[in-house]
Each structure stands twice: as structure tokens, then as C-alpha cells.
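Data first, discussion second: the structure below is written as C-alpha cells.
2 protein chains.
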Amino acid sequence: MKAFQSYKNPSLAVDLVVFGYHENELSVLLLNRNAEPFANTWVLPGAFVQMDETFLQTCSRVLQTKLGMDNVYLEQLYSFDNPDRDPRGRAISVAYYALVNPHKFTVTAGQMANDVVWFPVKKIPALGFDHKEIFKMALQRLQSKILYMPIGFELLDELFTMTELHELYECILDITIDRRNFRRKILDSEYIINTGTKRDGLQNRHPDLYRFNKKLKKNQFQLSVGI
Amino acid sequence: MKAFQSYKNPSLAVDLVVFGYHENELSVLLLNRNAEPFANTWVLPGAFVQMDETFLQTCSRVLQTKLGMDNVYLEQLYSFDNPDRDPRGRAISVAYYALVNPHKFTVTAGQMANDVVWFPVKKIPALGFDHKEIFKMALQRLQSKILYMPIGFELLDELFTMTELHELYECILDITIDRRNFRRKILDSEYIINTGTKRDGLQNRHPDLYRFNKKLKKNQFQLSVGI
DNA sequence: ACAAAAGTGTTTACTGTACACCCATGG
DNA sequence: CCATGGGTGTACAGTAAACACTTTTGT
Numbered sequence: 001m002k003a004f005q006s007y008k009n010p011s012l013a014v015d016l017v018v019f020g021y022h023e024n025e026l027s028v029l030l031l032n033r034n035a036e037p038f039a040n041t042w043v044l045p046g047a048f049v050q051m052d053e054t055f056l057q058t059c060s061r062v063l064q065t066k067l068g069m070d071n072v073y074l075e076q077l078y079s080f081d082n083p084d085r086d087p088r089g090r091a092i093s094v095a096y097y098a099l100v101n102p103h104k105f106t107v108t109a110g111q112m113a114n115d116v117v118w119f120p121v122k123k124i125p126a127l128g129f130d131h132k133e134i135f136k137m138a139l140q141r142l143q144s145k146i147l148y149m150p151i152g153f154e155l156l157d158e159l160f161t162m163t164e165l166h167e168l169y170e171c172i173l174d175i176t177i178d179r180r181n182f183r184r185k186i187l188d189s190e191y192i193i194n195t196g197t198k199r200d201g202l203q204n205r206h207p208d209l210y211r212f213n214k215k216l217k218k219n220q221f222q223l224s225v226g227i
Numbered sequence: 001m002k003a004f005q006s007y008k009n010p011s012l013a014v015d016l017v018v019f020g021y022h023e024n025e026l027s028v029l030l031l032n033r034n035a036e037p038f039a040n041t042w043v044l045p046g047a048f049v050q051m052d053e054t055f056l057q058t059c060s061r062v063l064q065t066k067l068g069m070d071n072v073y074l075e076q077l078y079s080f081d082n083p084d085r086d087p088r089g090r091a092i093s094v095a096y097y098a099l100v101n102p103h104k105f106t107v108t109a110g111q112m113a114n115d116v117v118w119f120p121v122k123k124i125p126a127l128g129f130d131h132k133e134i135f136k137m138a139l140q141r142l143q144s145k146i147l148y149m150p151i152g153f154e155l156l157d158e159l160f161t162m163t164e165l166h167e168l169y170e171c172i173l174d175i176t177i178d179r180r181n182f183r184r185k186i187l188d189s190e191y192i193i194n195t196g197t198k199r200d201g202l203q204n205r206h207p208d209l210y211r212f213n214k215k216l217k218k219n220q221f222q223l224s225v226g227i
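Protein chains in written order, with full-length UniProt numbering: chain A, 1 to 227; chain B, 1 to 227.
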């Protein structure tokens with residue numbers, strides 16, 4: 001059987017929407033490009049897929065070499081194929097989104113970028129390529145996914161309080177959720193486990209600390225949202 | 001700005017999971033390959049993406065030239081990147097699924113295939129490449145999507161009865177749904193419109209004919225399933 | 001003892017679920 | 001007039017939504 005190298009193939013890249021949560025704000029990592037095209041423009045981090053790499057390996061390479069991150073939650077989002085999306089020629093982008101805890105990493109600009117900055121999702125600047133479209137789809141996906149899959153904890157520390165989880169949900173969904181109904185729903189789902197320890201050093205009553213229930217079956221969770 | 005043609009890029013193909021509904025059975029179109037690799041093996045229809053084609057254009061090309069279909073519902077499913085998925089070399093597959101009404105088309109084998117056949121989703125044979133995995137994901141996607149997006153009518157004639165829609169849902173979800181609760185739920189959602197006409201020529205009471213409500217806002221629809 | 005945040009419980013409204021009856025048609 | 005499938009309605013149960021009170025801590 002012969003290999004097929006006769007065809008010309010589009011370039012293939014992976015682009016990443018890296019979400020981080022900090023101080024009651026959901027943010028996305030953007031790079032400021034220092035090369036054409038879109039020099040001095042903010043874009044999503046990404047890289048071309050090497051012949052021997054899976055998409056996830058390309059993602060890891062970007063996260064490690066450009067952002068100093070490893071071991072983060074990754075999920076494929078969509079593949080973007082507009083023929084005009086890259087002025088250099090035909091290029092496909094397979095978009096992934098990542099959920100990271102910004103406390104664990106310090107981002108620094110790599111060789112391709114002037115700067116690497118967390119931007120709150122409500123203050124995203126103009127982006128190069130079709131990256132605004134990719135970002136919007138990623139945010140929508142995160143908002144719908146968090147309602148039926150236990151992924152919120154990926155953005156928090158290993159131990160967290162109910163209030164922290166509650167505020168995370170309000171922030172991501174951009175709505176207010178009744179504190180008491182949220183608590184009941186989350187606890188009924190066994191999404192999280194009370195560790196028995198408490199966070200102290202605060203001014204008021206010390207809240208219980210929870211951790212994610214790793215034994216949770218994936219579909220065991222369904223949060224309904226009322227405003 | 002220079003173009004980037006220095007890199008070697010993976011082959012890029014589109015593969016299609018074409019769903020059709022007929023006689024209370026959900027089926028998928030499969031080709032029997034007549035060339036290596038996987039000669040005489042059933043596979044999903046697909047084609048390599050040309051440099052000037054969007055994914056959807058590639059899908060249309062496959063549907064038209066290989067299957068004689070046009071104007072069908074298409075949605076991107078996922079991109080498959082296992083390095084070993086094609087023995088000829090590195091090949092990415094961007095999978096789409098399609099919903100068609102088999103009454104409208106007659107499938108005939110093209111030059112690449114010995115045969116083109118509708119297989120009931122419960123009787124899918126062994127498939128070449130990673131196509132079984134693609135099929136399984138497509139079926140899951142269809143099953144979850146049909147609960148909150150009005151796409152079921154894509155598989156039916158323009159005018160249909162409530163019973164036909166009801167049976168379609170039972171068939172796709174592989175469960176039984178109470179006839180009367182289904183009816184109320186669907187009508188409340190304004191998913192469909194009663195045309196005022198009836199289907200006659202049947203043995204019993206002539207059922208009302210409905211058509212899809214094209215003015216329906218996309219998110220206005222949510223079907224809960226009980227067994 | 002006061003303020004502020006955390007933990008707990010109750011009532012109401014709604015939506016899903018189960019189920020029964022009547023209606024229209026062809027044979 | 002009977003069998004069969006189609007159309008309509010109702011009672012019950014479970015879940016979501018709105019809401020109030022008590023507890024714990026630091027100052």
C-alpha cells in the first residue's frame with residue numbers, strides 16, 4: 001500500500017482558549033504577536049501541528065513552552081476552516097479550550113510574543129485571525145458544559161469553599177444564583193465532598209472546605225439555572 | 001508577508017455519518033470500499049479536503065457525487081487525529097453528520113465503492129479506519145441534540161403526523177415516551193405547526209398533518225425524557 | 001454585642017409523569 | 001358496530017424557586 005503524499009494539504013494549527021479564574025473574574029490568556037501577520041495584535045496562543053503529534057500533544061507543547069503550564073483540563077472545541085482566516089494561505093485551526101488555575105502558573109512571554117496577559121472575558125480586545133469567533137464559541141461551550149459536567153473545580157484550588165464554587169458559577173454564567181438552592185443542588189449531586197476541615201483566618205464564620213469527588217459518574221450531575 | 005509552505009502537513013479528510021430514517025428505523029449510510037486500505041470493508045463516506053474547499057463544500061461534494069444528495073442538514077462533529085488511524089500515513093479526519101430523508105434520494109455506488117447501503121444503527125458491521133468510533137460519537141450527539149434543538153423534522157417529510165414525530169424520537173433515543181406527554185410538550189414548544197390538513201387513506205381516524213415552525217427561536221425548545 | 005458571612009429549613013409554584021376517556025375512520 | 005389508532009384532559013409526584021432564621025467568627 002502506498003502512502004499518499006501527492007496531495008497538497010492545508011496547514012494545520014491548534015489554537016487554545018485558556019480560561020483562568022481569579023478574584024471573581026473569568027479571564028482568557030492572550031498573546032501579543034511580534035511577527036506578521038497581525039504583529040502587535042492580540043491573538044490566542046497556538047502552534048502548527050507537527051507530523052508526529054496528536055492535537056493534545058500540540059496543546060501540551062504550547063502550554064508548556066509558551067505558557068509554562070502542564071497538566072491542565074483540555075477539550076476539543078471545533079475546527080475552523082474559513083479559507084481567508086489566515087492571510088498566509090489556507091490554514092485549518094483546531095480549537096481547544098483549557099481550564100487552569102492561574103495561581104499555579106506564572107505566564108511569561110515566549111519568543112513569538114511581546115506579551116502574555118490575562119484578559120477578563122468581558123474586556124477582550126480586537127483579536128487577529130478569526131480568534132474572536134473562536135473565543136466566543138469557547139465561552140458558550142464552557143457556559144453550557146458547566147451546567148451538566150463537573151468541570152468547575154478545574155479552575156479552583158484543590159480545597160475550596162461553597163461560596164467560592166458558588167461565585168465561580170455566577171461569574172462564568174454571568175447570572176445570580178440563589179446561594180441556598182445552589183448549595184443543596186451541588187451537595188445532592190455528590191459533585192463535591194466535605195473534607196471536614198475549615199478555612200480559617202477570615203473575619204467571620206469559618207466555612208467548610210470541599211474537594212471534588214473524583215468517583216462521581218460523569219452524568220450524575222445536572223444543574224438547572226434560574227436567575 | 002510570505003506564505004508558509006515549508007512545513008509538511010497531515011492529510012485532511014472529511015468523513016460523513018449520514019443518518020436516514022425509514023420505516024421506524026434509524027440508519028446510517030456505509031460504503032463498501034473497493035481499494036486498499038480496507039478493501040471490501042464498510043466505511044463512512046468521505047473525501048480529502050481540497051485546498052480551495054471549505055469543510056462544508058467537501059461534504060456537499062461527497063453527498064452529491066457519491067450519494068446523489070443535496071441540501072441536507074450538516075453539522076460538524078469532531079476532528080479525529082489518532083496518528084495510526086490511516087495506514088497510508090498521517091491523516092486527520094474532520095467528521096460531520098448529516099440528517100437526510102431517504103425518500104428523497106436513491107443512493108448508488110460511485111467509483112470508489114462496490115456498494116452503498118443503509119445500515120440500521122443497531123446492526124452496524126465492523127468498520128474500517130476509526131469509523132466505528134466516529135459513528136458512535138455521531139449517534140450520541142444526535143441523541144443529545146434532538147432533546148434541545150428542533151432537528152428531528154430533517155429526517156421526515158415536509159408534512160408529518162404527531163405519531164410519526166413521536167416514533168422518530170422513540171427510535172432515535174431508543175426509549176419509549178408517553179404519547180400524550182410528548183404531544184403536549186412538543187405543541188407547547190411551538191416546534192411544529194398544525195397545518196389544518198389531515199392525512200387520509202388510512203384505516204383509522206385521519207391524523208393532523210404538521211410542519212416545522214421555521215420561525216422558532218433556536219433555544220425555545222427543551223424536551224425532557226422519561227422512560 | 002455587633003457585623004458579616006456561613007450553615008440549615010420551609011413553603012410555594014411549576015413541570016414532569018402516569019393514566020383514562022372520547023372521537024373518527026374503514027371494514 | 002367494532003377494532004384501531006388519534007385527539008383531549010386530569011390527578012399526583014417530584015423538583016425548582018423564593019424566602020427566613022440560626023450559627024460562628026473577629027473586632
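For every residue, glycine included, the Cβ atom is placed at its ideal position computed from N, Cα and C.
Use the C-beta contact count for residue i: other C-beta atoms within 10 angstroms, 16 or more gives buried, fewer gives exposed.
| i | result |
| --- | --- |
| T58 of chain B | buried |
| I227 of chain A | Because I227 of chain A carries a pLDDT of 42, less than 50, the predicted location of this residue cannot be relied on, and no value is offered for it. |
| R33 of chain A | buried |
| K8 of chain A | exposed |
| H103 of chain A | exposed |
| P37 of chain B | exposed |
| H131 of chain A | buried |
| R90 of chain A | buried |
| G201 of chain A | exposed |
| A98 of chain A | buried |
| V17 of chain B | buried |
| D157 of chain B | exposed |
| D84 of chain B | exposed |
| D81 of chain B | buried |
| N196 of chain B | It should be pointed out that residue 196 of chain B corresponds to Gly in this sequence rather than to Asn. Looking at its Cβ environment, which holds fewer than 16 other Cβ atoms inside 10 Å, G196 of chain B is exposed. |
| P45 of chain B | buried |
So, for residue i: in the same chain, excluding its five sequence neighbours on each side, which residues have a beta-carbon less than 8 Å away from its beta-carbon?
| i | result |
| --- | --- |
| E170 of chain B | T176 and I177 |
| N24 of chain B | E167 and C171 |
| H22 of chain A | P102, H103 and W118 |
For residue i, which option in the options has the closest C-alpha, if you only look at C-alpha atoms?
| i | options | result |
| --- | --- | --- |
| Q143 of chain A | A:G128, A:V43 and A:S224 | A:S224 |
| P207 of chain A | A:Y191, A:P125 and A:M162 | A:M162 |
| M69 of chain A | A:S60, A:Q76 and A:L77 | A:S60 |
| F48 of chain A | A:L77, A:E75 and A:V62 | A:V62 |
| I151 of chain B | B:A95, B:A39, B:T41 and B:N101 | B:N101 |
| F105 of chain A | A:N114, A:D81, A:Q64 and A:I134 | A:Q64 |
| L187 of chain A | A:T197, A:Q203, A:L216 and A:L173 | A:L216 |
| S189 of chain A | A:A13, A:L155 and A:F221 | A:F221 |
| F160 of chain A | A:R141, A:I134 and A:N213 | A:N213 |
| N194 of chain B | B:R183, B:Q203 and B:N204 | B:R183 |
| E75 of chain A | A:I146, A:H22, A:R199 and A:R180 | A:I146 |
| M51 of chain A | A:A13, A:T41, A:H22 and A:Q140 | A:A13 |
| R199 of chain A | A:N71, A:R141, A:E164 and A:K185 | A:E164 |
| T54 of chain A | B:I92, B:N40, B:F135 and B:F129 | B:I92 |
| T41 of chain A | A:N181, A:I124 and A:R141 | A:I124 |
To the nearest whole angstrom, what separates the beta carbons of residue i and residue j, a pair I think is in contact under 8 Å?
| i | j | result |
| --- | --- | --- |
| V121 of chain B | S27 of chain B | 7 Å |
| Y78 of chain A | M137 of chain A | 6 Å |
| A113 of chain A | D15 of chain A | With a Cβ gap of about 14 Å, A113 of chain A and D15 of chain A do not count as contacting. |
| V43 of chain B | L173 of chain B | Contact doesn't hold; Cβ gap of about 26 Å is too wide. |
| G20 of chain A | L139 of chain A | About 13 Å; that fails the 8 Å criterion. |
| L29 of chain B | W118 of chain B | 6 Å |
Could you pull out every residue in the same chain whose Cβ sits closer than 6 Å to the Cβ of residue i, ignoring the five residues on either side in sequence?
| i | result |
| --- | --- |
| P87 of chain B | P37 |
| L67 of chain B | V107 |
| F153 of chain B | F212 |
| E133 of chain A | none |
In chain order, what residues of the same chain lie with their CB nearer than 7 Å to the CB of residue i, ignoring the 5 residues before and after it?
| i | result |
| --- | --- |
| N191 of chain A | Per the sequence shown, the amino acid found at residue 191 of chain A is Tyr instead of Asn. Within the same chain, Y191 of chain A has close Cβ partners P150, N213, L216 and F221. |
| V72 of chain A | L63, A98, L99 and V100 |
| A39 of chain B | R33 |
| K185 of chain B | L223 |
| R179 of chain B | H166 |
| F129 of chain A | F38, V43, R85 and D86 |
Where in the UniProt domain "Nudix hydrolase" (9-143) of chain B do unbroken runs of the alpha helix (DSSP H), each at least 4 residues long, occur, reported from the N-terminal end onward? 55-61
What residue ranges within the stretch 144-178 of chain A form continuous alpha helix (DSSP H) runs of no fewer than 4 residues, ordered along the chain? 162-173
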